[in-house]
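Peer 1:
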Amino acid sequence: MSFVTAVPQTLESAATDLAGIGSALNDASAAAAAPTTGILAAGADEVSAWVATLLSAHGQAWQAMSRDAVWLHQQFVDVLNGSAFKYVSTELENAEQQLANAGQWLENTGQNALNTANADSVFLFGRPIIGNGANGAAGTGQNGGDGGWLWGNGGNGGSGAAGQAGGNGGDAGLIGNGGAGGAGGTGAAGGAGGTGGWLIGNGGAGGIGGATNVANGTGGAGGAGGRAYLFGWGGAGGAGGAASLGTGGVGGVGGNSGLIFGFSGNGGHGGSGITGGAGGAGGTGEGLIFGAGGNGGAGGTGSITGGAGGAGGTGEGLIFGAGGSGGAGGTGGITGGSGGAGGAAEGFYFGQGGNGGVGGSSVGGSGTAGAGGTGGSSAAIIGFANAGSGGMGGYAVGSGTGGAGGQGGTGAAFIGVGVGGFGGFGGGSFSGTGGAGGQGGAGAALIGVGQGGLGGYGGFSYSGTGGAGGLGGEGVTLIGLGQGGSGGQGGTSFSGSGGNGGNGGDGGGLFTLGIGGDGGNAGAGVGPAHGGNGGNVGIIGTNGSFTPALFGFGGNGGNGVNGGGGGTGGSGGTIIGANGMNGAS
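Residue numbers (the working numbering): 573 to 1157.
Shown next, in the form of structure tokens:
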């Protein structure tokens, strides 16, 4: 309602009318100025001149009074206009205040209704309709509260007291993120992360495992990451707890991705200790369109033995799947941890296997470095299947032995191209033996191209012996082209003997052209080393038997060094083809 009695529109109209009257009066005064201020004398006598002067003076006085009246009139018009504006401003201020009061009333009413509904929902089901879940109290291991049914994040789990596990993170409702797991107390496990929203939301991270200083004790395991449901990322696994006088805790497993789209959580790192804890495995990628597995966590550092890296998660997708990479092995005082295996991949059109993790180094002077992880396999129905490469072996300080390279994964396509993963490079050593290169993975296709992976290079050594090159992978197909991978080159040694080259992989199939892989060259050094043999045209059965193929060309043998023999060329097809050339000595 209005709090004033004046009508602003009426004041504005009156001011306009007065302004018009003032304008008319001003025009009339101007028109009368000339006749009344410039009167001529009626005659030449003094009386006539005095009368004319008197009348002109009266005219001039009238004009001065007219100007003052115009000024006063304009002031009155301005006051009326200002009053009208003031009345309008007052009305607007009153209206704004009324709207603000109404909005506050609606907000209070809605909030009160929501509070009432949330209270009833919590009483009946233990969670609100809209709102975030409560965090667990520190030092209690209390679980986080669940988020609202429609909207809200789960609460974080509370940390545990000494020897008590951390609380689990709360779950989200329809939309929201899961809560993080609480950290474990001394030597206790971390809590699991909460699950993401049923429609959209990420899983919560797992809690960190608790550390311990107890002799021969074990650090707490990291909590598992929470999963996502339809759209979202899986939570990362928690790190394992350290154990200065024992074994580090295992890293938590990463959470799985959303079922339609998302990425999986990475595994948690292993805790440090005399023996390092193993890294957690990556979560599984389950996306309908695209599924990516999480990476494995790194193994923990060990004063004696490093922890193994966690395996990469599997990636499964209707169109595209990608496996996660394996985690790196932990550094060890004597023995390095092995790298984690790469995750497998499955996709209708395309699959990419995860790479194996790098082996952990050995820093004690006479130990063995960790081996690289195996590359993940890959499969595709119609399209391209590329397997993951093997991980590189770890480095050995002093006279230790370098870690072996990981084997490449197998790539298989029903119709299309299957490519085996490369073998990992062998790890180096200062004065010991370099690690052997990993074997290349097999590549296979029912109809199409099967390409074997290349063998990994042998590890170098400064004053010891270089590592042997890895074997090339087989290339197999029923109809199409099967080509074996080349063998890896032997490792170099600066003052010792180089490593021997790896043999090339066989290539072939039943109704196909086969090409054997070339043998790897020997590594450079001061002593003799041999080249690898070329791959044959044919198929090796599951029991180790070899069946020659009808068409194809054998691989060339690798070259030897310093008097070492060259590799023998592989055999060609039995009907059409040629044998490979022998390598030079």
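Glycine residues also receive a C-beta, built at the ideal position from the N, C-alpha and C atoms.
Taking DSSP as the reference, what is the three-state secondary structure of Gln979?
Peer 2: For this step, residue 979 is matched to residue 407 along the sequence shown. In the structure shown, Gln979 sits in coil (DSSP, three-state: anything other than H, G, I, E or B).
Peer 1: Look up Ser1033 in the DSSP assignment and give the residues it is bridged to.
Peer 2: As a position in the sequence shown, residue 1033 is number 461, starting the count at 1. Note: Ser1033 sits in a beta bridge opposite Ser1001 and Ser1065.
Peer 1: In or out: Ile1111 buried (at least 16 other Cβ within 10 Å) or exposed?
Peer 2: As a working note, residue 1111 is residue 539 in the sequence shown. It counts as buried.
Peer 1: Quick one: is Asn704 buried, meaning 16 or more other Cβ sit within 10 Å of its Cβ, or exposed?
Peer 2: Residue numbering aside, residue 704 sits at position 132 when the sequence shown is read from its first letter. It is buried - the Cβ of Asn704 has at least 16 other Cβ atoms within 10 Å.
Peer 1: Which whole-angstrom value describes the C-beta separation of Gly779 and Gly845, a residue pair presumed to lie in contact below a C-beta threshold of 8 Å?
Peer 2: Locating residue 779 in the sequence shown gives position 207, where the first residue counts as 1. Locating residue 845 in the sequence shown gives position 273, where the first residue counts as 1. The Cβ separation is near 19 Å, so there is no contact.
Peer 1: For Phe803 versus Gly830, is the C-beta spacing smaller than 8 Å?
Peer 2: For the purposes of this step, residue 803 is identified with residue 231 of the sequence shown, where counting begins at 1. For the purposes of this step, residue 830 is identified with residue 258 of the sequence shown, where counting begins at 1. Contact: yes.
Peer 1: Hey, quick one: how far does the beta strand (DSSP E) through Leu1085 stretch, first residue to last?
Peer 2: Residue mapping note: residue 1085 aligns to position 513 of the sequence shown, counting from 1. From DSSP, the beta strand (DSSP E) with Leu1085 extends over Phe1083 to Ile1087.
Peer 1: Between the alpha carbons of Gly781 and Ala1121, how many angstroms are there, rounded?
Peer 2: Taking the first residue of the sequence shown as 1, we reach residue 781 at position 209. Taking the first residue of the sequence shown as 1, we reach residue 1121 at position 549. In a straight line, the C-alpha of Gly781 is about 57 Å away from that of Ala1121.
Peer 1: Out of curiosity, what's the CA-to-CA distance linking Asn1105 and Ala883?
Peer 2: Against the sequence shown, residue 1105 aligns to sequence position 533. Against the sequence shown, residue 883 aligns to sequence position 311. Straight-line Cα distance between these residues: approximately 33 Å.
Peer 1: For Val1048, count neighbouring Cβ atoms within 10 angstroms of its own Cβ and tell me buried if that reaches 16, exposed if not.
Peer 2: Residue numbering aside, residue 1048 sits at position 476 when the sequence shown is read from its first letter. The residue in question, Val1048, is buried, as its Cβ has 16 or more Cβ neighbours within 10 Å.
Peer 1: Since Phe922 is in the beta strand (DSSP E), which residue starts that stretch and which ends it?
Peer 2: The residue labelled residue 922 in the question sits at position 350 within the sequence shown. It spans Phe922 to Gln924 - the beta strand (DSSP E) in which Phe922 sits, taken as one unbroken run.
Peer 1: Excluding the five sequence neighbours on either side, which residues of its own chain have a C-beta within less than 6 Å of the C-beta of Gly1100, listed in chain order?
Peer 2: One-based indexing of the sequence shown puts residue 1100 at position 528. The question names Gly, but residue 1100 is Pro in the sequence shown. Only Asn1134, Gly1135 and Gly1136 meet the Cβ criterion.
Peer 1: To the nearest angstrom, report how far apart Trp805 and Gly766 are at their CA atoms.
Peer 2: Mapped onto the sequence shown, residue 805 falls at position 233. Mapped onto the sequence shown, residue 766 falls at position 194. Cα to Cα, Trp805 sits roughly 12 Å from Gly766.
Peer 1: Taking Gly970 as part of the beta strand (DSSP E), name the residues at either end of that continuous run.
Peer 2: Here residue 970 refers to the residue found at position 398 of the sequence shown. Here Gly970 belongs to no beta strand (DSSP E), and DSSP marks it neither H nor E.
Peer 1: Check Gln669 in the structure and name its three-state DSSP category.
Peer 2: Translated into the one-based positions of the sequence shown, residue 669 becomes position 97. Reduced to three states, the DSSP call for Gln669 is helix.
Peer 1: Under the criterion of a Cβ to heavy atom distance below 7 Å, does Thr1146 qualify as lining the ligand ADP?
Peer 2: Only the bare structure without any ligand can be found here, which leaves the ligand ADP out of the picture.
Peer 1: Given that a residue counts as buried once 16 or more other Cβ atoms are within 10 Å of its Cβ, and exposed if not, what is Ala787?
Peer 2: Here residue 787 corresponds to residue number 215 of the sequence shown, with the count starting at 1. It counts as exposed.
Peer 1: What's the C-alpha gap between Gly992 and Gly983?
Peer 2: The count along the sequence shown starts at 1 and reaches residue 992 at position 420. The count along the sequence shown starts at 1 and reaches residue 983 at position 411. When rounded, the distance between both Cα atoms is 5 Å.
Peer 1: What residues in its chain sit with their C-beta under 6 Å from that of Gly868, if we drop five residues either side in the sequence?
Peer 2: Taking the sequence shown and counting its residues from 1, one reaches residue 868 at position 296. The answer, listed in chain order, is Gly839, Gly851, Ala853, Gly854, Gly881, Gly882, Ala883, Gly884, Gly898, Gly899 and Gly912.
Peer 1: Identify the residues that DSSP records as bridge partners of Ser934: which are they?
Peer 2: Along the sequence shown, read from residue 1 onward, the residue named residue 934 stands at position 362. DSSP, once it has assigned bridges, lists Gly904 and Ala968 as partnering Ser934.
Peer 1: Which residues in the same chain have their Cβ closer than 7 Å to the Cβ of Met573, if we skip the five residues on either side of it in sequence?
Peer 2: Within the sequence shown, the letter at position 1 stands for residue 573. Summary for Met573: the model assigns pLDDT 42, below 50, so the residue's position carries little reliability, and this model does not support an answer.
Peer 1: Are the CB atoms of Gly818 and Gly795 nearer to each other than 8 Å?
Peer 2: Numbered from its first residue, the sequence shown carries residue 818 at position 246. Numbered from its first residue, the sequence shown carries residue 795 at position 223. Their beta carbons are not under 8 Å apart, which means Gly818 does not touch Gly795 by this criterion.
Peer 1: With burial defined as no fewer than 16 other Cβ atoms inside 10 Å of the residue's Cβ, what is the status of Asn927: buried or exposed?
Peer 2: The count along the sequence shown starts at 1 and reaches residue 927 at position 355. Label assigned to Asn927: buried.
Peer 1: Looking at the structure shown, is Gln736 part of a helix, part of a strand, or coil, going by DSSP?
Peer 2: Working through the sequence shown from its first residue, we reach residue 736 at position 164. If DSSP states are grouped into helix, strand and coil, Gln736 belongs with coil.
Peer 1: Are three or more beta carbon pairs between the stretch 931–944 and the stretch 963–980 nearer than 8 Å?
Peer 2: Because the criterion of three Cβ pairs below 8 Å is met, the stretch 931–944 and the stretch 963–980 touch.
Peer 1: Could you tell me which uninterrupted beta strand (DSSP E) segments, each at least 3 residues in length, are contained entirely in the stretch 846–902, listed from first to last along the chain?
Peer 2: Within the stretch 846–902, the complete beta strand (DSSP E) runs of at least 3 residues are 862–864, 874–877, 887–889 and 892–894.
Peer 1: Tell me the rounded alpha-carbon separation between Trp770 and Gly748.
Peer 2: To locate residue 770, count along the sequence shown from 1; it is residue 198. To locate residue 748, count along the sequence shown from 1; it is residue 176. If you take the alpha carbons of Trp770 and Gly748, they lie about 8 Å apart.
Peer 1: Quickly, what does DSSP pair Glu918 with across the bridge? List them, please.
Peer 2: Position 346 of the sequence shown, counted from the first residue, corresponds to residue 918. Looking at the DSSP assignment, Glu918 forms a beta bridge with Glu888 and Ala951.
Peer 1: Kindly indicate which residue of Thr907, Gln669, Gly1054 and Gly720 has the alpha-carbon position closest to the one of Gly1126.
Peer 2: The residue given as residue 1126 occupies position 554 in the sequence shown. Of the candidates Thr907, Gln669, Gly1054 and Gly720, the one whose C-alpha sits nearest the C-alpha of Gly1126 is Gly1054.
Peer 1: Between Gly878 and Thr903, how many whole angstroms is the CB-CB distance? I'm expecting something under 8 Å.
Peer 2: As a working mapping, residue 878 is identified with position 306 in the sequence shown. As a working mapping, residue 903 is identified with position 331 in the sequence shown. Going by Cβ atoms, the distance from Gly878 to Thr903 rounds to 5 Å, so yes, they are a contact pair.
Peer 1: Terminal residues of the continuous beta strand (DSSP E) containing Phe803?
Peer 2: Indexing the sequence shown from 1 puts residue 803 at position 231. First-last for Phe803: undefined, no H or E at that position.
Peer 1: Using a Cβ-Cβ cut-off of 6 Å (strictly less than) and excluding sequence neighbours within five positions of Gly958, which residues of its own chain qualify?
Peer 2: Here residue 958 refers to the residue found at position 386 when the sequence shown is read from its first residue. Inspection of the sequence shows that residue 958 is occupied by Asn rather than by Gly. Taken in chain order, the residues that qualify are Gln924, Ser950, Gly983 and Val991.
Peer 1: Which same chain residues, not among the five before or five after Gly843, have their C-beta less than 6 Å away from its C-beta?
Peer 2: As a working note, residue 843 is residue 271 in the sequence shown. Hits under 6 Å: Gly791, Gly812, Gly813, Ala814, Gly820, Gly821, Gly849 and Gly872.
Peer 1: For a quick check, are the C-beta atoms of Ala1017 and Ala1040 less than 8 Å apart?
Peer 2: As a first step, residue 1017 is located in the sequence shown; it is residue number 445 there, counting from the start. As a first step, residue 1040 is located in the sequence shown; it is residue number 468 there, counting from the start. Contact flag unset, no.
Peer 1: Could you give the C-beta distance for Ile891 and Gly919, rounded to a whole number, given that I count them as a contact under 8 Å?
Peer 2: As a first step, residue 891 must be located in the sequence shown, where it is residue number 319. As a first step, residue 919 must be located in the sequence shown, where it is residue number 347. About 6 Å; that satisfies the 8 Å criterion.
Peer 1: Look at the alpha carbon of Gly1063 and the alpha carbon of Phe1002, and state the distance between them as a whole number of angstroms.
Peer 2: As a working note, residue 1063 is residue 491 in the sequence shown. As a working note, residue 1002 is residue 430 in the sequence shown. Using only the alpha carbons, I get a separation of about 13 Å.
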